[in-house]
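Each step along the sequence shown adds one to the number in the working numbering, with nothing skipped, and position 32 is 33.
A virtual CB, placed ideally from N, CA and C, is assigned to each residue, including glycine.
Treat the numbers as computed from the prediction; the structure is a model and nothing was measured.
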Amino acid sequence: MTHRSLIIGASGGIGSAITAKLQQNGSEVTALSRSADGLDITDEASVKEVLDRVEGEFQLIFVATGALELNGNGPEKALKELDAQAMVAQFSVNCIGPSLVMKHALHRLPRNGPSCFAALSARVGSIGDNKMGGWYSYRTAKAALNQMIHSAAIELKRTHREAVCVALHPGTVQTDLTAKFAGNHPTVTPDEAAHNLLSVLEGLSPRQSGQFFDWQGERVEW
C-alpha cells in the first residue's frame, strides 16, 4: 500500500521541507496551502471546502502552519503591550486553525493500521517550562493548541486504536517566522527540521498519543 501524506501549510519553510522529505522517502503527498489552494485555516468554510476536494485516506496528516507576528504585531514583552485584536489573531492562526483541520481531516486517518496526526506547536507554549514570561498571545495560543491536541487524541483513540496524535516543537528554524526573533538561539535549516520531526514521528507509538515532543524526541511538559 502506498504511504499517503497530507501537509497543511505546505508553502511555508517547514511545510515545504516536510513535503520534499516525504516525497524523497516515497510517500504520495497532497500538499495544501493558502497561496496555492486558497486554504484559509482561520475560515471553517474554506477548510471544509478545500479538504472536501481531497480524496482517500492518509497515514500522515501534518499541520505546519503558524505565525509569530501578525498584522505587524510581534510578541509582547509586557502586559501593557497586550492588544485584544492581536490576541484574537494569534488564537485564530495558532489554535483555531489547526483545530478546524482536526475537525475536518482526522476521519481521513485509516481506522486499521498505524497513522499519525501532528501539528507544529512551540516550547514557549509549555506552561511548566515558562521561566521568562512575556510573549503572552503567542504562548497562550500554543498552550491552547496543545490542549486541543491532547483532547483530540483521547477521542481519536476510541475509533483509531493505532493512531498517534501529537504536538511538535521543531526548535528554532531558519524561516521568515523566526528571522527577527532568533537572537543567539541555535538554529537549524528547514531541511534539518523536517528530518528531525519525521524521525521523531517514526519513533512514536500509540502509547505516546496526545503528548508534546521536541525535535529530539524528548517529551515537553505541559
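My understanding is that residue i touches residue j, with C-beta atoms under 8 angstroms, so please give their C-beta distance in whole angstroms.
i, j, result
"SER36", "GLY10", "So it is not a contact: roughly 10 angstroms between Cβ atoms."
"VAL48", "LEU7", "At roughly 12 angstroms, the Cβ-Cβ gap does not stay under 8 angstroms, so VAL48 and LEU7 are not in contact."
"HIS161", "SER116", "6 angstroms"
"ALA119", "LYS143", "Wrong, their Cβ atoms sit about 14 angstroms apart, outside the cutoff."
"ALA68", "LEU121", "11 angstroms between Cβ atoms; not a contact."
"CYS96", "LEU146", "4 angstroms"
"PHE107", "GLU58", "Reading off the sequence, residue 107 comes out as Leu, not Phe. That belief does not hold up - the Cβ atoms of LEU107 and GLU58 are roughly 11 angstroms apart, past 8 angstroms."
"ILE128", "TRP223", "6 angstroms"
"LEU157", "ALA168", "Not confirmed; about 14 angstroms, so no contact."
"GLY98", "THR20", "At roughly 18 angstroms, the Cβ-Cβ gap does not stay under 8 angstroms, so GLY98 and THR20 are not in contact."
"ALA174", "ILE15", "Contrary to the premise, residue 174 reads as Val rather than Ala in this sequence. Contact holds; Cβ gap of about 6 angstroms."
According to DSSP, is residue i part of a helix, a strand, or is it coil?
i, result
"GLU50", "helix"
"HIS170", "strand"
"PHE59", "coil"
"ILE97", "helix"
"ALA32", "strand"
"LEU205", "coil"
Measuring straight from C-alpha to C-alpha, what distance separates residue i and residue j?
i, j, result
"GLU82", "MET88", "11 angstroms"
"PRO191", "LEU199", "12 angstroms"
"HIS186", "ALA194", "15 angstroms"
"THR3", "PHE213", "28 angstroms"
"GLN60", "GLN91", "29 angstroms"
"GLN148", "GLN24", "31 angstroms"
"GLY211", "HIS151", "4 angstroms"
"THR31", "ARG5", "8 angstroms"
"VAL201", "VAL125", "19 angstroms"
"THR141", "LYS22", "31 angstroms"
"VAL189", "TYR137", "25 angstroms"
"ALA13", "ASP215", "Per the sequence presented here, residue 13 reads as Gly, with Ala not at that position. If you take the alpha carbons of GLY13 and ASP215, they lie about 19 angstroms apart."
"ASN74", "GLY135", "14 angstroms"
"HIS105", "GLY172", "28 angstroms"
"VAL102", "ASP130", "27 angstroms"
From the beta carbon of residue i, is the nearest beta carbon of chain D less than 9 angstroms away?
i, result
"GLY126", "Absent from the structure is chain D; it holds one protein chain and no more."
Give me whichever residues DSSP pairs with residue i in a beta bridge.
i, result
"PHE214", "LEU169 and ARG220"
"ALA164", "SER116"
"LEU71", "ASN74"
"VAL1", "Nothing can be reported for residue 1, as the shown portion of the chain is limited to 2 through 223."
**Q.** Residue ranges of each beta strand (DSSP E) within the stretch 108 to 137, 3 or longer
**A.** Runs found: 116 to 121.
Q. Which ranges would you report for the beta strand (DSSP E) in the stretch 3 to 29 if only whole runs of at least 3 residues count?
A. 5 to 9
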